[in-house]
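S.K.:
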Amino acid sequence: MTDIFAKHAGLRAAYEGLTASSPRNPFEVVIERPLSATVGIIEGRETLLFGTNNYLGLSQSHRAAEAAIDTARTMGVGTTGSRIANGTFGLHRALEEKLARFFGKKHCMVFSTGYQANLGTISALVNKDDVLLLDADSHASIYDGAKLSGAQVIRFRHNDPVDLERRLGRLKAHTGAKLIIAEGIYSMTGNVAPLTEFTAIAKRHGAYILADEAHSFGVLGATGRGVAEMQGCESEIDFIVGTFSKSLGTVGGYCVTDHDGVDLMRLCSRPYMFTASLPPEIIAATMAALEEMEERPELRIKLQENAERLHSGLKAAGLATGEHVSPVVAVTLETVEEAIIFWNALLENGVYVNLSLPPATPDNRPLLRCSVMAAHSSEEIDKAVAVFGAIAKQLGH
Numbered sequence: 000m001t002d003i004f005a006k007h008a009g010l011r012a013a014y015e016g017l018t019a020s021s022p023r024n025p026f027e028v029v030i031e032r033p034l035s036a037t038v039g040i041i042e043g044r045e046t047l048l049f050g051t052n053n054y055l056g057l058s059q060s061h062r063a064a065e066a067a068i069d070t071a072r073t074m075g076v077g078t079t080g081s082r083i084a085n086g087t088f089g090l091h092r093a094l095e096e097k098l099a100r101f102f103g104k105k106h107c108m109v110f111s112t113g114y115q116a117n118l119g120t121i122s123a124l125v126n127k128d129d130v131l132l133l134d135a136d137s138h139a140s141i142y143d144g145a146k147l148s149g150a151q152v153i154r155f156r157h158n159d160p161v162d163l164e165r166r167l168g169r170l171k172a173h174t175g176a177k178l179i180i181a182e183g184i185y186s187m188t189g190n191v192a193p194l195t196e197f198t199a200i201a202k203r204h205g206a207y208i209l210a211d212e213a214h215s216f217g218v219l220g221a222t223g224r225g226v227a228e229m230q231g232c233e234s235e236i237d238f239i240v241g242t243f244s245k246s247l248g249t250v251g252g253y254c255v256t257d258h259d260g261v262d263l264m265r266l267c268s269r270p271y272m273f274t275a276s277l278p279p280e281i282i283a284a285t286m287a288a289l290e291e292m293e294e295r296p297e298l299r300i301k302l303q304e305n306a307e308r309l310h311s312g313l314k315a316a317g318l319a320t321g322e323h324v325s326p327v328v329a330v331t332l333e334t335v336e337e338a339i340i341f342w343n344a345l346l347e348n349g350v351y352v353n354l355s356l357p358p359a360t361p362d363n364r365p366l367l368r369c370s371v372m373a374a375h376s377s378e379e380i381d382k383a384v385a386v387f388g389a390i391a392k393q394l395g396h
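Numbering (numbering that gives the first Met the number 0), first residue to last: 0 to 396.
#1: DSSP state of M272, grouped into three classes?
#2: Relative to the C-alpha of R295, which candidate in R169, R62, R166 has its C-alpha closest?
#3: Please go through the region 312-366 and give each complete beta strand (DSSP E) segment of 3 or more residues, from N-terminal end onward.
#4: Checking 8 Å against the spacing of the C-beta atoms, do V240 and T112 come in under that value?
#5: Buried or exposed: S35, going by 16 or more other Cβ atoms within 10 Å of its Cβ?
#6: Which complete beta strand (DSSP E) runs does the region 118-170 hold, if anything under 3 residues is left out?
#7: Measure how close the beta-carbons of L397 and A338 come, nearest whole angstrom, since I'm counting them as under 8 Å.
#8: Between the Cα of A116 and those of G388, G321, M272, L332, spot the shortest distance and give me the residue it belongs to.
#9: Give the DSSP-derived three-state secondary structure of H106 in the structure shown.
#10: With a Cβ-Cβ cutoff of 8 Å, do S246 and Y54 count as a contact?
#11: By Cβ distance, which residues of its chain are closer than 6 Å to P33, with the 5 residues on each side in sequence left out?
#12: Pick helix, strand or coil for G241, following the three-state DSSP scheme.
#13: Taking Cβ positions, are L354 and P22 nearer each other than 8 Å?
#14: Could you spell out the range, first to last residue, of the alpha helix (DSSP H) harbouring R295?
#15: Does L209 come out as helix, strand or coil in the three-state DSSP assignment?
#16: Which residues share a DSSP beta bridge with P398?
#17: Beta carbon of Y253, beta carbon of F49: below 8 Å?
#18: What is the DSSP secondary structure of I200, counted as helix, strand or coil?
#19: Between the alpha carbons of K202 and S234, how many angstroms are there, rounded?
#20: Looking at the unbroken alpha helix (DSSP H) that takes in I184, where does it start and where does it end?
#21: Which runs of the alpha helix (DSSP H) fall wholly inside the region 371-396 and span at least 4 residues, in chain order?
#22: Below 8 Å between beta carbons: does that hold for I236 and T174?
#23: Grab me the residues of E147's own chain with a C-beta within less than 7 Å of its C-beta, minus the 5 sequence neighbours each way, in chain order.
#24: When the distance is taken between beta carbons, is M187 closer than 8 Å to L366?
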């Protein structure tokens, strides 16, 4: 019998090499119990959480928890079906209407995960006759949506309007649709996309544009609608995709748009059609978290202050961080070996961050990826910076 896992021999060797060189598996860290949004029990000790994407701290929202509990008691814990079968409850429609109003758009589709929002939207919008123009640093869900769609994929250099325009200029004879995809905040580095420039280019070349605001929803903009709102180009964005699992602290995803073809998307988006819909208690918690986000703009203000504090603190400690100040603050290191040592030392000193390794990183260098929250206190941020600085000094930075 042929070993079905033989194709993964290279992956196995890399994985075994990594875990052999580390006292713990960085991909299997268990948060045994959250004590708050910012502190959890890991390996039996209290640990500061700087790797959770819980930007507004709403995963621990009392209001959202109570909404989930009440709804589970009255409506049950699941729908047992997809949206096009028995899986559309009144709550799903209510959330879609609420999100459409929040974004000032005509339509909204809600998906069971943020990953599926990209997978389902992209694959429903384009096919083999169309062209996708993707930022080179796009999230895996965008690339997977591109594969499912069958569209021709052209990558342009990260955050580079000149390169995007050059590549679009070569498509003048192309008769199919052209769809540009960019992210508001890039999840690995915290870089912010120049969406205003991208929308102007899209307009000149007759292309559509989709913005993935997963890491900027609830974070940027006067009302938390994301980078497009902050940069004043929302009306020029054709499709906005995002997730509930970051700023709202629940799970699920969405696509909002003014285009009337959404009802057709519901009939041809396989990740939407063939997945069980979100459970009612998750929908209720999401709506409660969205209401809390709208009612508490001070959370975004505090989040930006905390992002600046962490970013400047790590820079002052002599560490290499990105140029943009956002809730994602990544420290770039030169070697995987150094990154593993650094990450383990952080955890042993009570600070949890994400260890991001090539080939998942933009320039094939390892990252210690931090995500800061509105819920972090100044003291917690300063403690994390102090731990980073002490370890960096020990390692000769």
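Positions of the beta carbon are idealized from the N, C-alpha and C atoms, including for glycine.
These numbers come from a predicted model, not from an experiment.
M.R.: So, from the listed chains and residues:
#1: Start at 1 with the first residue of the sequence shown, and residue 272 comes out as number 273. In this structure, M272 counts as helix in the three-state DSSP scheme.
#2: As a position in the sequence shown, residue 295 is number 296, starting the count at 1. Closest by alpha carbon: R62.
#3: 327-331, 353-355
#4: Counted from its first residue, the sequence shown places residue 240 at position 241. Counted from its first residue, the sequence shown places residue 112 at position 113. No, they are not a contact pair.
#5: Locating residue 35 in the sequence shown gives position 36, counting from the first residue. The residue is exposed, with fewer than 16 neighbouring Cβ atoms inside 10 Å.
#6: 130-134, 151-155
#7: Residue 397 lies beyond the residue range present for the chain, which begins at 0 and ends at 396; the question has no answer from this structure.
#8: Here the question's residue 116 lines up with position 117 in the sequence shown. Closest by alpha carbon: M272.
#9: Stepping through the sequence shown from its first residue, residue 106 is reached at position 107. Reduced to three states, the DSSP call for H106 is strand.
#10: Position 247 of the sequence shown, counting from 1, holds the residue named residue 246. Position 55 of the sequence shown, counting from 1, holds the residue named residue 54. A contact, by the Cβ cut-off of 8 Å.
#11: Here residue 33 corresponds to residue number 34 of the sequence shown, with the count starting at 1. Non-local C-beta neighbours of P33 in its own chain, meaning closer than 6 Å and more than five positions away in sequence, comprise G39, ordered along the chain.
#12: As a first step, residue 241 must be located in the sequence shown, where it is residue number 242. G241 falls in the strand class under three-state DSSP.
#13: Within the sequence shown, the letter at position 355 stands for residue 354. Within the sequence shown, the letter at position 23 stands for residue 22. Their beta carbons are not under 8 Å apart, which means L354 does not touch P22 by this criterion.
#14: In the sequence shown, residue 295 corresponds to position 296, counting from 1. Careful: R295 lies outside any alpha helix (DSSP H) and carries neither H nor E.
#15: Taking the first residue of the sequence shown as 1, we reach residue 209 at position 210. DSSP places L209 in strand when its eight states are reduced to three.
#16: An answer regarding residue 398 cannot be provided, because it is not within the stretch 0 to 396 covered by the chain.
#17: Indexing the sequence shown from 1 puts residue 253 at position 254. Indexing the sequence shown from 1 puts residue 49 at position 50. Annotated as distal: Y253 and F49, with beta-carbon spacing of 8 Å or more.
#18: Walking along the sequence shown from the start, residue 200 turns up at place 201. Secondary structure of I200 (DSSP, three-state): helix.
#19: Along the sequence shown, read from residue 1 onward, the residue named residue 202 stands at position 203. Along the sequence shown, read from residue 1 onward, the residue named residue 234 stands at position 235. If you take the alpha carbons of K202 and S234, they lie about 12 Å apart.
#20: Residue 184 sits at position 185 when you count from the first residue of the sequence shown. Counting along the chain, I184 falls outside any alpha helix (DSSP H), and DSSP gives it neither H nor E.
#21: 377-393
#22: Looking up residue 236 in the sequence shown gives position 237. Looking up residue 174 in the sequence shown gives position 175. Their beta carbons are not under 8 Å apart, which means I236 does not touch T174 by this criterion.
#23: As a first step, residue 147 is located in the sequence shown; it is residue number 148 there, counting from the start. Correcting the residue identity first, residue 147 is Leu in this sequence and not Glu. Cβ neighbours of L147 beyond the five flanking positions: L118, S122.
#24: Along the sequence shown, read from residue 1 onward, the residue named residue 366 stands at position 367. Along the sequence shown, read from residue 1 onward, the residue named residue 187 stands at position 188. A contact, by the Cβ cut-off of 8 Å.
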